[in-house]
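In the working numbering, each residue carries its 1-based index in the sequence shown increased by 270. Ideal Cβ placement from N, Cα and C applies to all residues, glycine included. Since this is a predicted model, take the numbers as computed values, not measurements.
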Amino acid sequence: MTTRYRITAGAAVVMAGALVLTGCNRGSGGSEATPVGFSAGFLDSPFNSGLVKAVESQANAEGSGLSMLPATDAQSDPGKQITDVNTLLSQGIQGLVMFPTDSNAIVPAIEAANAKNVPVVTVDIAGNGGDIYMNIRADNVGMGRDACRQIGELTNQSGRVLEIHGDLGTSSGFDRNKGFNDCMAAEFPGIEVVSRDAKWKTDQAVDVAQTSLSTQKFDAVFLASDSVFYNGVKNVMADMGQLQPVGSPGHIALVTIDGSGEALQGVRDGVVDAVVSQPVDLYGQYAVMYLKDALAGKEYQVGPSDHDSEIVEYEGNLADMLPAPVVTKDNVDDSALWGNQ
């Protein structure tokens, strides 16, 4: 069944009235601008800070018609994120962008926005309930699968791989883990996968790497988020003498997801084999586009988009699945990659 998000006529009237009341908010150039908010689950990684910057720059650009309040930071606390959203709603925002710290725990915050007829757009991490106008994300299952195939090729389809994944309570953590492990089981049964949860925390990734790499021999390491995990894990591997150049006898294949500047430099330095890069610039562009479309009452449905992506149904809402390129030494200097900007 095709799922569509629709702003009701009544909601549109409420929004229109609210816009009149908030007309004192001024965008660049002095024109009236619609106040909107950004609720961030956490901001302690290059990816998340880059994501906020991308969204804010688009929302506050000249002529956007929007005025985005400073992003709130829940510091990985689901309860604080609910409080943050309620605070933003009390400040009169008319649209909300968020990336949740927990896909299930965020539902009350989404429902609170729904109750005030404030459209919600989520980025990267989806919510598992409430009415979301659009979730903008890369295909996280596909990114996990791409990482799996890189490792399968790099290890000649055999050996043991350490997977350090994020919180499986988040949609991106669950989907990357699923894509990676389903691919390994189906396409590379000769590879043993040892999966360890680091909860999107650098210190936990360091602990996992220290324990795992000191007690077992691995042929490859897969990091579900290089923006959170890479620097710490790289240092552990270097301290253990296991960060050897690509092509050397002692090299452990290293494949990551996100595309941070540090991981791209690792590719240039010859210690990272491949990176699946998230399209952060597109997240910012389309988060703001969909927020404006929601405020205008535009409807979307499942099917191809007009920007080379696919809109699908995800957890009862719509998701725009943007393409995520695989980066190797051949294209690491591409200026379009967010880690190079």
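inquiry  = If distances are taken between C-alpha atoms only, which option among Val-464, Val-463 and Ala-544 comes closest to Tyr-500?
reply    = Ala-544
Once DSSP output is grouped into helix, strand and coil, what is the label at Ser-547? strand
Determine the contact status of Val-229 and Gly-536, defining contact as a CB-CB distance below 8 angstroms. Nothing can be reported for residue 229, as the shown portion of the chain is limited to 271 through 611.
Would DSSP call Thr-440 helix, strand or coil? coil
Discussion item. Assuming the contact rule is C-beta atoms closer than 8 angstroms, Ser-530 and Phe-317 should be a hit. Round their C-beta distance to whole Å, please.
Written reply: 6 angstroms
For Gly-412 and Gly-362, believed in contact at Cβ under 8 angstroms, the rounded distance: Rounded, the Cβ-Cβ distance is 38 angstroms, inconsistent with contact.
Does the Cβ of Arg-407 have 16 or more other Cβ atoms within 10 Å, making it buried, or fewer, making it exposed? buried
Discussion item. Please identify the residue among Ala-417, Pro-574 and Glu-381 whose C-alpha is closest to the C-alpha of Thr-598.
Written reply: Ala-417
Review point. Exposed or buried, what is Met-338 when buried is set at 16 or more other beta-carbons lying within 10 Å of its beta-carbon?
Key: buried
> Measuring CB to CB, does Glu-583 end up less than 8 angstroms from Met-591?
Replying inline: no
Please give me, in chain order, every unbroken run of the alpha helix (DSSP H) with length at least 4 that falls completely inside the segment 394-481.
410-424 and 441-457
message = Taking 8 angstroms as the cut-off, does the segment 431-451 touch the segment 551-558 (at least 3 CB pairs, one atom from each stretch)?
response = no
message = If you reduce the DSSP assignment to three classes, tell me which class Val-541 lands in.
response = coil
Beta-carbon separation (whole angstroms), Gly-400 vs Asn-387, contact threshold 8 angstroms:
The pair is not a contact, with the Cβ atoms about 13 angstroms apart (cut-off 8 angstroms).
Output the residue ranges of the beta strand (DSSP E) runs that lie fully inside the segment 342-396 and measure 3 residues or longer, sorted by chain position. 366-369 and 390-393
(request) Take the Cβ of Glu-613 as the centre, count every other Cβ of all protein chains shown within 10 Å, and call the residue buried at 16 or more, exposed below. (result) With the chain covering 271 to 611 only, the question about residue 613 has no answer from this structure.
First through last residue of the beta strand (DSSP E) which encompasses Ala-310
304-310
TODO: Would you grab the beta carbon distance between Leu-359 and Ser-309 for me? Rounded to a whole angstrom, and I think it's under 8 angstroms.
DONE: Not a contact, Cβ separation roughly 10 angstroms.
TODO: Report the residue from Ile-395, Ser-346, Asp-347 and Gln-345 whose alpha carbon sits nearest the alpha carbon of Val-367.
DONE: Ile-395
- Item | Cβ shell of Ile-434 (< 6 angstroms), same chain only, five flanking positions each side left out | Arg-466, Ala-468, Ala-475, Val-478, Leu-493 and Phe-499
Along the chain, where does the beta strand (DSSP E) that runs through Ser-337 open and close? 336-338
Worksheet item: For the candidate residues Asp-496, Ile-522 and Gly-429, whose alpha-carbon lies nearest to that of Ala-508?
Response: Ile-522
Residue range of the unbroken alpha helix (DSSP H) whose run includes Asn-318 = 316-329
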